[in-house]
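Student: Chains as they are written, first to last, in our numbering: chain A, 1 to 114; chain B, 115 to 224. Every residue gets a Cβ at the ideal spot worked out from N, C-alpha and C, and that includes glycine. Since the model is a prediction, treat every value here as computed from it, not as a measurement. Below: one structure in structure tokens.
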Amino acid sequence: SAVISQKPSRDICQRGTSLTIQCQVDSQVTMMFWYRQQPGQSLTLIATANQGSEATYESGFVIDKFPISRPNLTFSTLTVSNMSPEDSSIYLCSVPIQGAGGYTFGSGTRLTVV
Amino acid sequence: GQNIDQPTEMTATEGAIVQINCTYQTSGFNGLFWYQQHAGEAPTFLSYNVLDGLEEKGRFSSFLSRSKGYSYLLLKELQMKDSASYLCAVRDGGYSTLTFGKGTMLLVSP
Numbered sequence: 001s002a003v004i005s006q007k008p009s010r011d012i013c014q015r016g017t018s019l020t021i022q023c024q025v026d027s028q029v030t031m032m033f034w035y036r037q038q039p040g041q042s043l044t045l046i047a048t049a050n051q052g053s054e055a056t057y058e059s060g061f062v063i064d065k066f067p068i069s070r071p072n073l074t075f076s077t078l079t080v081s082n083m084s085p086e087d088s089s090i091y092l093c094s095v096p097i098q099g100a101g102g103y104t105f106g107s108g109t110r111l112t113v114v
Numbered sequence: 115g116q117n118i119d120q121p122t123e124m125t126a127t128e129g130a131i132v133q134i135n136c137t138y139q140t141s142g143f144n145g146l147f148w149y150q151q152h153a154g155e156a157p158t159f160l161s162y163n164v165l166d167g168l169e170e171k172g173r174f175s176s177f178l179s180r181s182k183g184y185s186y187l188l189l190k191e192l193q194m195k196d197s198a199s200y201l202c203a204v205r206d207g208g209y210s211t212l213t214f215g216k217g218t219m220l221l222v223s224p
């Protein structure tokens with residue numbers, strides 16, 4: 001299955017600033033997904049990053065707050081903009097596992113906003 | 115939309131068998147997934163069911179009944195390292211996105 005390198009693994013940020021999270025995949029994938037996992041909660045899909053077109057955002061998430069880039073089939077970034085303490089979460093990227101029907105996840109970015 | 119229910123917590127003893135249930139109500143269906151997540155780590159893919167029946171993979175098995183909107187994950191010969199959160203997720207009929215349940219925290223004791 002694809003191997004995803006996600007960074008940074010963790011960061012502590014000041015409120016009002018922005019953080020960009022990167023995911024690099026070792027193979028070409030059509031779709032990449034960005035999730036958020038708030039403390040003690042399950043995963044919530046933020047958006048689907050499509051190469052060559054704008055990301056598709058889920059209800060409750062907007063491009064101004066979570067801009068996404070997908071310059072090629074192996075790379076994507078998620079930016080958390082104008083951060084507040086409520087944005088403190090783990091952010092994960094995910095891609096389909098070729099031929100297995102499932103999805104693999106990056107190691108996650110643990111974000112704390114102070 | 116999707117509604118996915120699974121128990122919040124379960125406890126079991128090392129060497130035993132445990133069944134974690136998941137029920138779902140969805141507008142479309144294109145597969146049910148089980149993930150294992152240890153504290154502080156990313157979820158790890160365990161199994162995938164799209165047709166009715168049982169899928170076995172080593173100590174782990176997953177069952178699906180689409181007519182009942184029901185799945186379970188069966189863990190045999192429990193080990194201490196199986197203590198983790200187990201997430202049930204459903205894929206929409208026309209999309210590739212997953213909706214996750216809140217997860218079941220399994221604690222395996224000696």
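1) On the DSSP bridge list, what partners appear for B/Lys171?
2) Taking A/Thr79 as the reference, give the member of A/Phe105, A/Ile4, A/Ala55 with the closest Cα.
3) If we ignore side chains and look at the alpha-carbon of each, how far apart do A/Thr74 and A/Glu58 end up?
4) Find the nearest neighbour of B/Asp119 within the set B/Phe174, B/Pro224, B/Tyr200, judged by alpha-carbon distance.
5) With distance defined between alpha-carbon atoms, name the residue in A/Ser1, A/Arg15, A/Ser88, A/Thr44 nearest to B/Thr158.
6) Do you know how far the Cα of A/Val95 is from the Cα of B/Gly145?
7) In whole angstroms, what is the alpha-carbon distance linking B/Gln193 and A/Asp64?
8) By Cβ distance below 6 Å, which residues in the same chain neighbour A/Arg36 in space, the five residues on each side in sequence not counted?
9) Enumerate in chain order the residues of its own chain whose CB-to-CB distance from A/Met31 is below 8 Å, with the five nearest sequence positions on each side excluded.
10) Taking a Cβ distance cut-off of 7 Å, strictly less, list which residues of the segment 177–207 of chain B are near chain A, in chain order.
11) In this structure, how does DSSP classify B/Glu123 when only helix, strand and coil are distinguished?
12) Where A/Gln41 and B/Gly217 are concerned, what is the direct C-alpha to C-alpha distance, given to the nearest angstrom?
Tutor: On the basis of the data shown:
1) B/Lys171 is bridged to B/Phe174.
2) When the alpha-carbon of A/Thr79 is set against those of A/Phe105, A/Ile4, A/Ala55, the nearest one is in A/Ala55.
3) In a straight line, the C-alpha of A/Thr74 is about 22 Å away from that of A/Glu58.
4) Closest by alpha carbon: B/Tyr200.
5) B/Thr158 has its Cα closest to that of A/Ser1, out of A/Ser1, A/Arg15, A/Ser88, A/Thr44.
6) C-alpha separation (whole angstroms): 16 Å.
7) Each residue's Cα considered, the two are about 45 Å apart.
8) The residues are Thr44, Ile46, Ser89, Tyr91.
9) Thr48, Ala49, Asn50, Val95, Pro96, listed in sequence order.
10) For the segment 177–207 of chain B, residues whose beta-carbon sits nearer than 7 Å to a beta-carbon of chain A comprise Leu201.
11) Here B/Glu123 sits in strand by DSSP.
12) A/Gln41 and B/Gly217 have their C-alpha atoms some 8 Å from each other.
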